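A.B. asks:
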Amino acid sequence: MIQIAPSILTADFLQLGKEIEMLNSSEADMIHLDIMDGNFVPNLTFGFPVIKQIKSIAKKDLDVHLMISNPDNFIEDYQKVGADRLTVHYETCPHLHKTIQNIKSLGMKAAVSLNPHTTVNNLHEIIGELDMVLIMTVNPGFGGQKFIENSYEKIRKLKKMISDRALKTKIQIDGGVNLENIRPLADAGVDVFVVGNTVFAADNPKEMIAKLRNS
Ligand code: DX5
Ligand code: ZN
172 MIQIAPSILT ADFLQLGKEI EMLNSSEADM IHLDIMDGNF VPNLTFGFPV
222 IKQIKSIAKK DLDVHLMISN PDNFIEDYQK VGADRLTVHY ETCPHLHKTI
272 QNIKSLGMKA AVSLNPHTTV NNLHEIIGEL DMVLIMTVNP GFGGQKFIEN
322 SYEKIRKLKK MISDRALKTK IQIDGGVNLE NIRPLADAGV DVFVVGNTVF
372 AADNPKEMIA KLRNS
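Read in order, the letters of the sequence shown correspond to residues 172 to 386 in our numbering.
1. The alpha helix (DSSP H) spanning Ser322 covers which residue range?
2. Have a look at Thr289 and Ile202 and give me their C-alpha separation to the nearest angstrom.
3. So, at 7 Å on beta carbons, what are the nonlocal neighbours of Ser240 in its own chain, with the 5 sequence-adjacent residues on each side left out?
4. At a cut-off of 6 Å, is Val365 close to ligand 2 when judged by its beta-carbon and the heavy atoms of the ligand?
5. Please state whether DSSP places His295 in a helix, a strand or coil.
6. Sort out for me which residues DSSP pairs Ile344 with in a bridge.
7. What residue does the beta strand (DSSP E) around Thr258 start on, and which one ends it?
8. For the stretch 329-341 against the stretch 249-257, are there 3 or more C-beta pairs whose distance is under 8 Å?
9. List the endpoints of the continuous alpha helix (DSSP H) containing Lys377.
10. With distances taken between CB atoms, is the gap from Val312 to Pro213 smaller than 7 Å?
11. For Pro355, which of Ala372, Asp374 and Ser322 has the nearest alpha-carbon?
12. With a Cβ-Cβ cutoff of 7 Å, do Ala357 and Ile173 count as a contact?
13. When burial is assigned at 16 or more other CB atoms within 10 Å of the CB, is Phe184 buried or exposed?
14. In terms of residue numbering, what span does the alpha helix (DSSP H) encompassing Ser227 cover?
15. Looking only at C-alpha atoms, which of Asn368, Leu350 and Lys275 sits nearest to Asn385?
16. At which residues does the beta strand (DSSP E) containing Pro177 begin and terminate?
17. Does any heavy atom of ligand 2 sit closer than 6 Å to the C-beta of Asp345?
18. Counting Cβ pairs closer than 8 Å, one from the stretch 220-235 and one from the stretch 266-273, do we hit at least three?
19. Whole angstroms is fine: what's the gap from Glu190's alpha carbon to Ala199's?
20. Quick test of your reading: Ile297 and Leu329, contact by CB under 8 Å. State the CB separation rounded to the nearest angstrom.
21. From the DSSP output, in three-state form, read off Leu285 for me.
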C-alpha cells in the first residue's frame with residue numbers, strides 16, 4: 172500500500188487550521204512540512220511557531236523536510252516543536268552519519284533527501300541507518316513544478332540497493348506527482364508520495380488524497 176504525505180506548501184495559509192483538520196479527516200498518512208531558508212533554496216517558508224501550532228491540532232505524523240543550510244544547528248528545535256520525521260538534504264550535511272544518529276537519538280525517524288543531480292550511489296555507506304530516502308523529483312524550492320523524468324532510473328537503482336540488502340528503508344519522492352504518474356512510480360518502487368499542488372489545487376482535496384492513495 173502506498174502512502175500519501177500532502178505538502179501544505181500550496182495550502183491556504185489564511186485557513187491553515189481548516190486545512191490541517193481536512194488532512195486529519197482524510198486518508199493522508201502524514202503531513203509534509205517544507206522548511207526553506209532562502210539560502211540552500213531560493214525561497215522562504217515558515218518556522219518553529221507555525222510548526223508548533225500545527226502540531227497542537229495535527230492527528231497525523233509531521234514529516235518535516237528541511238531545505239536549509241546547516242541543519243545540524245536546529246535538529247533538537249524541530250524535535251521540540253513536534254517533528255516526528257526529519258529529513259535533511261545530503262548536500263547540506265558534511266557529517267551525515269552523525270546528523271542521522273542525532274535525529275534518531277531524539278526519537279525521530281531519520282531521512283536523507285537527494286537533489287536531482289545527486290546520485291543514489293552516495294548512500295551506499297549510510298543506507299542501513301536510514302528510515303527513509305527522499306528523492307527530489309523537482310528542484311527544491313517551489314510547488315507546482317514539472318516532474319523530472321530521469322527520476323525513474325534513480326528510484327529503480329535505490330530500490331535495488333535496498334532490496335539487495337533486505338533493508339526496510341522507505342523510498343519517498345517529492346515534486347510533480349499527479350494522478351497520471353503515481354501508479355508507474357509506485358511500480359518503480361516508491362513507498363511514500365509527497366503531493367502538494369495536485370491535492371491543494373483540486374476542487375475536493377480530501378477526495379484527491381483518497382484517489383491518489385488508491386491509484
Ligand atoms: C518542493 C517541496 C515540495 C513541494 C511539492 O521544494 O519540497 O514538497 O511542495 O509540491 P508539488 O506536489 O506541487 O510539486
Ligand atoms: Zn518537500
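We treat Cβ as the ideally placed atom computed from N, Cα and C, and that holds for glycine.
Quick caveat, the model's predicted, so the values are computed rather than measured.
C.D. replies: With the given structure in hand:
1. Looking at the DSSP string, the run of the alpha helix (DSSP H) that includes Ser322 is Ser322 to Asp335.
2. Annotation: Thr289 to Ile202 spans about 25 Å, alpha carbon to alpha carbon.
3. If we look at Ser240 and ignore the five residues flanking it on each side, its Cβ neighbours are Asp208, Asn210, Phe211 and Thr263.
4. Answer for Val365: yes, Cβ within range of ligand 2.
5. Coil.
6. Answer is Ile306 and Phe364, bridged to Ile344.
7. Per DSSP, Thr258 belongs to the beta strand (DSSP E) from Arg256 to His260.
8. Counting Cβ pairs under 8 Å, fewer than three are found: no touch.
9. Per DSSP, Lys377 is one residue of the alpha helix (DSSP H) stretching across Pro376 to Arg384.
10. The sequence shown places Gly at residue 312, not Val. A contact, by the Cβ cut-off of 7 Å.
11. The candidate whose alpha carbon is nearest that of Pro355 is Ser322.
12. For Ala357 and Ile173, yes; Cβs fall inside 7 Å.
13. Exposed, by the Cβ-count rule.
14. Where Ser227 is concerned, the enclosing alpha helix (DSSP H) stretches over Phe219 to Ile228.
15. Closest by C-alpha distance to Asn385, out of Asn368, Leu350 and Lys275, is Leu350.
16. Unbroken beta strand (DSSP E) run through Pro177: Gln174 to Pro177.
17. Yes, the beta carbon of Asp345 sits closer than 6 Å to at least one heavy atom of ligand 2.
18. Two segments are said to touch when three or more pairs of C-beta atoms, one from each, lie closer than 8 Å; by this definition the stretch 220-235 does not touch the stretch 266-273.
19. In a straight line, the C-alpha of Glu190 is about 12 Å away from that of Ala199.
20. For a cut-off of 8 Å, the C-beta gap from Ile297 to Leu329 is around 12 Å, too long to register as a contact.
21. The answer is strand: DSSP assigns Leu285 an E or B state.
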